[in-house]
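**Q**
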Amino acid sequence: MTEKRSRFAIINLFKYAGKFKKYSILAPTFAALEVMFDILIPYLMAKIVDVGIANRDLNYMVRTGMLMVGATLISLVLGVYCAKFATISSAGFAMNLRRAVFNRLQRFAFPNIDRYTTASLVTRMTTDVQFIQQMFQMLTRMFVRAPMMMIMAVFMSLTINRELALVFLVAIPVLGSVFYFIISRAHPLFIKMLTKIDFLNRIVQENLIAIRVVKAFVRHEYENEKFEEAVTELRQAQLRAEKLVTINMPVMMIVMNSCIIAILWFGGNKIIVGEMLPGMLISFLTYTQMIMISLMLFSMVFIMFVISQASVHRVEEVLEEEPTFSDEDGDPNLTVKDGSIEFRHVDLSYAADKSNPVLSDINLSITAGEKVAIIGGTGSGKSSLVQMIPRLYEVTAGEVLVGGHNVKDYKFKPLRDAVAMVLQKNLLFSGTIADNLRWGNQEATEEEMIKACKVAQAHDFIMAFPDGYQTMLGQGGTTVSGGQKQRLCIARALMKQPKIIILDDSTSAIDTATEKKFQQAFRENYQGMTIVIIAQRLQSIQDSDKIIILDDGKVVDIGTHDELVERNLIYREVYESQQEGSLL
Ligand SMILES: Nc1ncnc2c1ncn2[C@@H]1O[C@H](COP(=O)(O)OP(=O)(O)O)[C@@H](O)[C@H]1O
Ligand SMILES: [Mg+2]
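For the sequence shown, our numbering gives the first residue as 44, with consecutive numbering after it.
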């Protein structure tokens with residue numbers, strides 16, 4: 044996929060310069076002016092030697108010397124401005140690019156997110172964008188300067204002495220082939236290096252997220268080994284890639300010094316026979332240096348260009364990733380009328396290959412205000428099933444209806460406001476408890492917040508903190524216990540006043556007595572709100588209007604607790620074993 048893209052893909056990204064475009068034009072313009080003054084200097088120097096010194100004309104020497112100083116100063120000022128404009132434009136460009144990537148990520152649907160690792164996305168937004176930024180800055184500064192310097196210096200040396208300029212005929216092809224060699228080899232090595240950076244980021248990130256688990260299992264030796272492996276591999280990849288690029292410099296120096304020796308030899312002979320003046324030879328040497336420097340800049344720009352290709356492709360891949368589904372076709376005026384849910388012949392597969400679906404032929408009908416429980420072994424598809432209700436995943440076949448309409452007919456916002464979901468893997472953000480709760484609903488009043496917390500059985504423990512609702516939570520909510528976190532997440536969802544609330548194993552860390560209180564309080568305070576609950580403990584779902592048993596992606600039975608105890612062997616066995624457990 045990457046191979047097919049254009050080698051000049053960075054040009055596609057130039058549009059992100061946006062309102063900084065004028066600086067990306069000013070920078071090369073100033074660079075061009077700077078080169079003109081630079082070119083003047085050796086010319087003036089030759090005049091001082093050949094005219095001033097030769098004629099012992101002190102006046103001429105001073106005047107020309109002043110011109111030289113003037114040209115140098117002007118070139119310096121122009122150079123500073125060129126660098127300044129290049130910095131402004133590249134920083135602005137990078138900001139716009141990061142913004143574009145971030146906006147795109149925000150539009151991703153769950154299946155898009157599944158496709159990338161978090162670490163890889165982070166690398167793309169940081170390291171890759173930085174590479175491209177450097178490339179962009181280099182381009183704005185060198186793209187015009189290098190060829191211009193080369194052309195003007197070649198022109199000047201031709202005017203000084205055509206024969207002597209033949210030396211370049213040898214030097215330039217030699218350098219050209221060396222650069223070509225380096226550039227063609229560098230590309231794959233740098234791509235490899237970037238994947239190693241990804242790998243390292245992933246390991247570090249996983250380790251940090253799971254640092255408590257690592258400690259609890261005393262796995263730090265193992266984690267260290269993994270890390271060691273990742274950094275070593277990165278080091279090796281970096282060495283391999285950089286080694287190639289560093290050949291560039293010594294080759295340059297050898298060719299340049301050989302040129303200088305050749306020019307001194309041939310030029311010296313010309314001076315001896317009187318075909319050339321010493322000042323001319325000095326300036327010729329300076330122009331030779333300029334030509335070599337411009338070639339070196341060229342090669343550096345090209346190498347950077349190649350290096351940044353990998354990054355450009357990785358960033359473009361995200362920018363071009365179309366959300367697998369969006370709410371574009373949703374009716375902006377449609378709101379969820381009630382909390383009824385219907386599944387009609389629903390299939391779901393995560394993989395592109397639809398032959399082996401995770402869920403197949405699901406048919407369900409849930410009336411508004413019902414309490415529905417879903418049970419089944421791990422991997423039976425419970426989470427997958429409920430995630431289709433707020434359209435976090437899209438059905439592969441069939442349809443899901445909420446409030447009498449296909450979920451595809453709604454915009455995301457009204458649908459997901461009406462269907463609150465407490466995910467199995469839940470997250471709180473750093474900030475106060477109140478901030479976190481309001482995250483679900485900015486407009487909620489103090490009373491609504493307290494009501495939600497009371498129902499979720501969170502109010503009492505919140506008030507037990509010295510700062511109450513203003514208590515600061517650590518990153519990811521680490522300062523509260525698992526059960527407290529679950530209750531806060533339930534409260535956050537309730538604050539949205541949804542028509543449907545889905546609890547995906549969200550009461551697993553809450554003790555049975557507290558859970559009972561929650562269920563009761565919920566029934567009393569949120570009548571009419573449909574509740575879909577995935578739970579392991581049958582005790583907490585006995586009073587459900589419907590219990591759905593899932594096995595291997597299929598609905599095997601639906602009924603009330605009494606009906607299922609009566610007719611479903613597996614349900615009865617599980618129920619009895621849990622009864623015994625609770626008696627012990
Ligand atoms: N995002 C996903 N991408 C690919 N496969 C998934 C994804 N989520 C779940 N699965 C697979 O779907 C099956 C059902 O998973 P899930 O719905 O999470 O089951 P449950 O919640 O009942 O434990 C499992 O085999 C799981 O590996
Ligand atoms: Mg699950």
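C-beta: ideal position from N, C-alpha, C; glycine also.
Since this is a predicted model, take the numbers as computed values, not measurements.
Counting only the same chain and skipping the five closest in sequence on each side, list residues whose C-beta sits under 8 Å from that of Gln529.
**A** Along the sequence shown, one-based indexing puts residue 529 at 486. For Gln529, where only same-chain residues beyond five positions count, the Cβ hits under 8 Å are Val465, Asn469, Ser549, Thr550, Ser551, Ala552, Ile553.
**Q** Quick one: does the C-beta of Val523 sit closer than 7 Å to a heavy atom of ligand 1?
**A** Here residue 523 is taken as the residue at index 480 of the sequence shown, counted from 1. No, Cβ of Val523 sits at least 7 Å from all heavy atoms of ligand 1.
**Q** Are Leu182 and Leu164 touching if we call contact CB-CB under 8 Å?
**A** By one-based count along the sequence shown, residue 182 stands at place 139. By one-based count along the sequence shown, residue 164 stands at place 121. Their beta carbons are not under 8 Å apart, which means Leu182 does not touch Leu164 by this criterion.
**Q** Here's the rule: buried if 16 or more other CB atoms are within 10 angstroms of the residue's CB, otherwise exposed. What is Phe57?
**A** Here the question's residue 57 lines up with position 14 in the sequence shown. Result: exposed.
**Q** Kindly indicate if chain D contains any beta-carbon less than 8 Å away from that of Tyr512.
**A** The structure shown contains no chain D; it holds only a single protein chain.
**Q** Could you tell me which residues DSSP puts in a beta bridge with Leu593?
**A** Your numbering for residue 593 matches position 550 in the sequence shown. Partner(s): Val598.
**Q** Quick check on DSSP: helix, strand or coil for Ser227?
**A** On the sequence shown, residue 227 is found 184 positions in, with the first residue counted as 1. In this structure, Ser227 counts as helix in the three-state DSSP scheme.
**Q** CA-CA distance, Leu237 and Pro71?
**A** In the sequence shown, counting from the first residue as 1, residue 237 sits at position 194. In the sequence shown, counting from the first residue as 1, residue 71 sits at position 28. Taking the straight line joining both Cα atoms gives about 30 Å.
**Q** Would you list the residues sitting across from Glu629 in a DSSP beta bridge?
**A** The structure shown does not extend to residue 629, since the chain is modelled only from 44 through 627, so no value can be given for it.
**Q** May I ask which residues mark the beginning and end of the beta strand (DSSP E) holding Asp605?
**A** As a first step, residue 605 is located in the sequence shown; it is residue number 562 there, counting from the start. Element bounds for Asp605: not the beta strand (DSSP E) but the alpha helix (DSSP H), 604-610.
**Q** Would you kindly report the start and end of the unbroken alpha helix (DSSP H) that includes Thr166?
**A** Position 123 of the sequence shown holds residue 166. Element bounds for Thr166: 161-166.
**Q** Can you tell me whether Arg615 is buried or exposed? The criterion is at least 16 other CB atoms within 10 Å of its CB, across all chains shown.
**A** As a first step, residue 615 is located in the sequence shown; it is residue number 572 there, counting from the start. So Arg615 ends up on the exposed side.
**Q** Name the DSSP beta bridge partners of Glu576, please?
**A** Here residue 576 refers to the residue found at position 533 when the sequence shown is read from its first residue. Correcting the residue identity first, residue 576 is Ile in this sequence and not Glu. Per DSSP, Ala416, Leu546.
**Q** Ligand 1 heavy atoms versus the CB of Lys597: any closer than 7 Å?
**A** For the purposes of this step, residue 597 is taken as the residue at position 554 of the sequence shown. The answer is no for Lys597.
**Q** What separation, rounded to the nearest whole angstrom, lies between the Cα atoms of Pro85 and Thr275?
**A** Numbered from 1 along the sequence shown, position 42 holds the residue referred to as residue 85. Numbered from 1 along the sequence shown, position 232 holds the residue referred to as residue 275. About 49 Å.
**Q** If you measure from each CB to the nearest heavy atom of ligand 1 and keep those under 5 Å, what residues do you get, in chain order?
**A** Working through the chain, the matches are Asp157, Tyr393, Val401, Thr421, Gly422, Ser423, Gly424, Lys425, Ser426, Ser427.
**Q** Label Lys47 either buried or exposed according to how many other C-beta atoms from any shown protein chain fall within 10 Å of its C-beta, with 16 as the threshold for buried.
**A** Walking along the sequence shown from the start, residue 47 turns up at place 4. Only weak support exists for where Lys47 lies, its pLDDT of 48 falling under 50; the coordinates are left without a value.
**Q** Give the DSSP bridge partners of Met464, in chain order.
**A** Counted from its first residue, the sequence shown places residue 464 at position 421. In DSSP, Met464 forms a bridge with Ile545.
**Q** So within the region 163-202, which uninterrupted alpha helix (DSSP H) runs reach at least 4 residues, ignoring any that extend past its ends?
**A** Those alpha helix (DSSP H) runs which fall completely within the region 163-202 and span 4+ residues are 172-185.
**Q** I believe Leu708 touches Ile175 by the beta-carbon criterion, under 8 Å. Please report the beta-carbon distance rounded to the nearest angstrom.
**A** Any property of residue 708 remains undetermined from this structure, which presents the chain solely from 44 to 627.
**Q** Could you say if the region 262-282 and the region 368-385 meet the contact criterion of at least three C-beta pairs nearer than 8 Å?
**A** Judged by Cβ distances under 8 Å, the region 262-282 makes no contact with the region 368-385, as fewer than three pairs qualify.
**Q** For Asp586, collect the residues of the same chain with a Cβ closer than 8 Å to its Cβ; drop the 5 residues on either side in sequence, then sort them by chain order.
**A** Your numbering for residue 586 matches position 543 in the sequence shown. Closer than 8 Å at the Cβ level, and outside the excluded window around Asp586, lie Lys414, Gln562, His604.
**Q** Assign Leu97 to buried or exposed, taking buried as 16 or more other Cβ atoms, counted over all protein chains shown, within 10 Å of its Cβ.
**A** To locate residue 97, count along the sequence shown from 1; it is residue 54. A small fix is needed here, since residue 97 is Ala in this sequence, not Leu. Exposed.
**Q** Have a look at Glu567, Ser200, His388 and flag the residue whose alpha-carbon is nearest the alpha-carbon of Pro400.
**A** Within the sequence shown, residue 400 is the residue found at index 357, counting from 1. Ranking the options by Cα distance to Pro400, first place goes to His388.
**Q** So does the region 429-441 actually touch the region 471-490, counting three or more Cβ pairs closer than 8 Å?
**A** The region 429-441 is not in contact with the region 471-490.
**Q** Our contact map puts Ile584 next to Ala416 with C-beta atoms below 8 Å; I'd like the distance itself, whole angstroms only.
**A** One-based indexing of the sequence shown puts residue 584 at position 541. One-based indexing of the sequence shown puts residue 416 at position 373. Indeed, because the Cβ distance is near 4 Å, the residues count as touching under 8 Å.
**Q** Is the separation between the beta-carbon of Leu121 and that of Phe80 shorter than 8 Å?
**A** Taking the first residue of the sequence shown as 1, we reach residue 121 at position 78. Taking the first residue of the sequence shown as 1, we reach residue 80 at position 37. A contact, by the Cβ cut-off of 8 Å.
**Q** Assign Asn449 to one of three DSSP states: helix, strand, or coil.
**A** To locate residue 449, count along the sequence shown from 1; it is residue 406. It is a strand residue.
**Q** Give the DSSP-derived three-state secondary structure of Met538 in the structure shown.
**A** Counting from one through the sequence shown, the residue named residue 538 turns up at place 495. Coil.
**Q** So, at 7 Å on beta carbons, what are the nonlocal neighbours of Tyr103 in its own chain, with the 5 sequence-adjacent residues on each side left out?
**A** Translated into positions along the sequence shown, residue 103 becomes position 60. For Tyr103, where only same-chain residues beyond five positions count, the Cβ hits under 7 Å are Val94, Gly95.
**Q** Helix, strand or coil: how does DSSP classify Thr378 here?
**A** Counting from 1 along the sequence shown, the entry for residue 378 is found at position 335. In the structure shown, Thr378 sits in coil (DSSP, three-state: anything other than H, G, I, E or B).
**Q** Between the alpha carbons of Val443 and Arg566, how many angstroms are there, rounded?
**A** Within the sequence shown, the letter at position 400 stands for residue 443. Within the sequence shown, the letter at position 523 stands for residue 566. Rounded to the nearest angstrom, the two C-alpha atoms are 26 Å apart.
**Q** Taking just the CA atoms, how far does Leu338 sit from Gly474?
**A** Numbered from 1 along the sequence shown, position 431 holds the residue referred to as residue 474. Numbered from 1 along the sequence shown, position 295 holds the residue referred to as residue 338. Distance between the alpha carbons of Gly474 and Leu338 is about 55 Å.
**Q** Taking the C-alpha atoms as reference points, what is the distance between Arg205 and Ile53?
**A** What you label residue 205 is simply residue 162 of the sequence shown in a count that begins at 1. What you label residue 53 is simply residue 10 of the sequence shown in a count that begins at 1. Approximately 39 Å, taken between the alpha carbons.
**Q** Taking the alpha-carbon positions, what's the Glu318 to Gly311 distance?
**A** Position 275 of the sequence shown holds residue 318. Position 268 of the sequence shown holds residue 311. Going from the Cα of Glu318 to the Cα of Gly311 covers about 10 Å.
**Q** Looking at Tyr618: is its Cβ nearer than 8 Å to the Cβ of Leu593?
**A** As a first step, residue 618 must be located in the sequence shown, where it is residue number 575. As a first step, residue 593 must be located in the sequence shown, where it is residue number 550. Result no, Cβ atoms of Tyr618 and Leu593 do not sit closer than 8 Å.
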